[in-house]
Structures are given as C-alpha cells and as structure tokens.
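Have a look at the structure below, then the notes.
Number of protein chains: 2
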Amino acid sequence: MKIAVKILPRREVLDTQGRAVEQALNSQNHSITSCRVGKYVEVVLNEADREMALNKVREMAEQLLHNPLTETFQLEVVD
Amino acid sequence: MKIAVKILPRREVLDTQGRAVEQALNSQNHSITSCRVGKYVEVVLNEADREMALNKVREMAEQLLHNPLTETFQLEVVD
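Going down the list, the protein sequences come from chains A and B. Quick note: the numbering used here has the first sequence finishing at residue 79, numbered continuously throughout. Quick note: the numbering used here has the second sequence finishing at residue 158, numbered continuously throughout.
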C-alpha cells in the first residue's frame, strides 16, 4: 500500500516558509488569506491490510518523520 | 476554502531526501519498499466556489509553488 504523511508546522509555531509564500502570492495578485508549508512523504510498503499499513506508517511518522514539538501530521491512504 | 498542494519530485529525478528517509526507516526495522519526500502547502482563500478555488490554486502552484522541471503536483480540497 501507499500511504502519505502530511506534516505541517503547529499553529503556535511561526511558519516562516508559509509566511514567505503568502507574501509572494499576495504580491503577485493572487489574493490569499493564509498559507502553511510543510512536508509530504509518500511511503510504499508491502502490507495489503489497510489498518495494519496505517498503523505501521503512524509509528514511522511518530518516531522519525515528524517533530512532535513543532509539527503535526495526518495520514492518507493513497492506494 | 482550504486547498492543499502536494508536491513530489518527478520519478526521473533522484530524490535524495526520499532515499535518506527510506534508508533510515529500513535501518530501524521498519521494512518499506520505497519513499518519496516532497512539499505540502495548504492555501486558505476567500472563494466559496470549489472549482474556482481549485483553478486559482492550480495557477499559484504552476506559477510559484512547484518547479515543473523537477516536480509534479496534485491538488486536494481540504475544506
């Protein structure tokens, strides 16, 4: 299965990249309200069961992919 | 509306971050097949129409958020 991990900075944390992109977009006449920039990790693993695959990737995200102090993550089954 | 832009390196491009994460996960006894690392951008804009919002964010992604030579992107309506 292919599982995506979407990682975003916590709301309390100053998202400098997001701020920069927001300003860049607004200065180019794309009028946006806000913007946050994070990471997107797609993991392919040899596991046919959806729940098992999600549990395994959740463990990876908690241990290695995200920083719990500054980031939050969400999982998504891609295929 | 809140629209997410998921940006991943093209298959032909060497994804050094993805390779590093893949090796790190496999060395920690998470057995995975492959992994790609990209960017995740959430844009909030003042536009109630779903199609209009998607079109606007597609334009932003094409002009500013992704590099067409090395990356591909997908859009997702978050809410």
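Virtual Cβ for every residue (Gly too), placed ideally from N, Cα, C. Since the structure is predicted, the reported quantities are computational estimates derived from the model, not experimental observations.
Proximity of residue i and residue j at Cβ, strictly below 7 Å
i, j, result
"Ala61 (chain A)", "Met1 (chain A)", "no"
"Val21 (chain A)", "Val37 (chain A)", "yes"
"Lys118 (chain B)", "Ile86 (chain B)", "yes"
"Val43 (chain A)", "Val57 (chain A)", "yes"
Burial state of residue i, where buried means 16 or more other Cβ atoms lie within 10 Å
i, result
"Arg10 (chain A)", "exposed"
"Leu69 (chain A)", "exposed"
"Asp128 (chain B)", "exposed"
Host alpha helix (DSSP H) of residue i (start-end)
i, result
"Met99 (chain B)", "First, the amino acid is wrong: residue 99 (chain B) is Ala here, not Met. Residues Thr95 to Ser106."
"Ala132 (chain B)", "Arg129 to Met139"
Contact belief for residue i with residue j at Cβ below 8 Å, rounded distance in angstroms
i, j, result
"Leu42 (chain B)", "Cys114 (chain B)", "Since the first residue of chain B shown is 80 and the last is 158, residue 42 (chain B) is not available in this structure."
"Phe152 (chain B)", "Leu144 (chain B)", "7 Å"
N- and C-terminal bounds of the beta strand (DSSP E) containing residue i
i, result
"Gln63 (chain A)", "Here Gln63 (chain A) belongs to no beta strand (DSSP E), and DSSP marks it neither H nor E."
"Pro9 (chain A)", "Lys2 to Pro9"
"Glu42 (chain A)", "Ser34 to Val44"
"Val156 (chain B)", "Glu150 to Val156"
Any non-hydrogen atom of the ligand GTP within 6 Å of residue i CB
i, result
"Val136 (chain B)", "No copy of the ligand GTP appears in this structure; indeed no ligand is present at all."
Query raised in the report: Which residues, in order along the region 23 to 37 of chain A, keep a beta-carbon less than 9 Å from a beta-carbon of chain B?
Result: Residues passing the 9 Å Cβ filter: Ala24, Leu25, Gln28, His30, Ser31, Ile32, Thr33, Ser34, Cys35, Arg36 and Val37.
Requested in this report: Taking only beta carbons into account, state which residues of the region 117 to 141 of chain B come closer than 8 Å to chain A, listed in chain order.
Outcome: Considering only beta carbons, the part of the region 117 to 141 of chain B lying closer than 8 Å to chain A consists of Gly117, Lys118, Tyr119, Val120, Glu121, Val122, Val123, Leu124, Asn125, Lys135, Glu138 and Met139, in chain order.
Report task. Note down, in chain order, all residues in the region 83 to 103 of chain B with a beta-carbon under 7 Å from any beta-carbon belonging to chain A. Result -> Against chain A - using a Cβ distance shorter than 7 Å - the residues of the region 83 to 103 of chain B are Lys85, Ile86, Leu87, Val100 and Ala103.
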